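These notes are about the structure you will find just below.
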Amino acid sequence: MCDLPGVGKKISFETAEEHKIVIIVHHSGKRDLYFFQELDEDDADFFLSLNPEETRELGAQLLGATYQPVDDEKMQIFQKQLVMEWIKLKPESPFVNKQIAESRIRSHTGASIIAVMQGDDMSVSPDVDFVLEAGDTVMVAGKRDQIRRFEALASGKTDREEKGEGEV
Numbered sequence: 346m347c348d349l350p351g352v353g354k355k356i357s358f359e360t361a362e363e364h365k366i367v368i369i370v371h372h373s374g375k376r377d378l379y380f381f382q383e384l385d386e387d388d389a390d391f392f393l394s395l396n397p398e399e400t401r402e403l404g405a406q407l408l409g410a411t412y413q414p415v416d417d418e419k420m421q422i423f424q425k426q427l428v429m430e431w432i433k434l435k436p437e438s439p440f441v442n443k444q445i446a447e448s449r450i451r452s453h454t455g456a457s458i459i460a461v462m463q464g465d466d467m468s469v470s471p472d473v474d475f476v477l478e479a480g481d482t483v484m485v486a487g488k489r490d491q492i493r494r495f496e497a498l499a500s501g502k503t504d505r506e507e508k509g510e511g512e513v
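In the numbering used here, each residue carries its 1-based index in the sequence shown increased by 345.
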């Protein structure tokens, strides 16, 4: 960091990919960002000027204020647990001719509906008042056991039949 008399401060750093970023912080709060592909370049490849509000927003995003990425190890565990499956609803399914909210799919199975195909029409993230019909193909997400419960009910089996207890 160095002083720029009458302007503010200059901050320079080098990235892991050996690019250079220079930030000029003006006394007014404005920030000028200069991006250099090569460390020894004198002319910036890209320039961006931010007002104080934009600077705070960018800083918050870079610090992860609104989104924290999952590290690779946690993501691998997550991917092993999360399953997404397309499942067709049979006419005998208790979900048929009911709104998603009314059928209480999450409370019965733990799975979540991501999308529904009705004929050639796809509804992504359908509303809770969306009516499921026989023959719909539903994309559900959840853990393997939740998907199995949804699949059993989508095919018309009751919870008790799924557990081998006979009909309700």
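Each residue gets a CB set at the ideal place from its N, CA and C atoms; glycine is no exception.
These numbers were taken from a predicted model, which means no experiment stands behind them.
- Nearest C-alpha to residue 359 among 406, 386, 374, 352: 386.
- With a minimum length of 3 residues, the unbroken runs of beta strand (DSSP E) contained wholly in the segment 417 to 505 fall at 428 to 433, 457 to 463, 466 to 469, 482 to 487.
- In the three-state DSSP reduction, residue 351 falls in the coil class, being neither helix nor strand.
- According to DSSP, residue 364 shares a beta bridge with no other residue.
- In this structure, the straight-line span from the alpha carbon of residue 461 to that of residue 365 is close to 48 Å.
- Closest in C-alpha terms to residue 373, from the list 388, 397, 382, comes 397.
- Note on geometry: alpha-carbon atoms of residue 351 and residue 370 lie some 11 Å from one another.
- Here the alpha carbons of residue 389 and residue 449 stand approximately 57 Å from one another.
- Distances from the CA of residue 439 to each of 501, 347, 356 were compared; the closest alpha carbon is that of 501.
- In summary, residue 391 is exposed, with fewer than 16 beta-carbon neighbours lying within 10 Å of its beta-carbon over all protein chains present.
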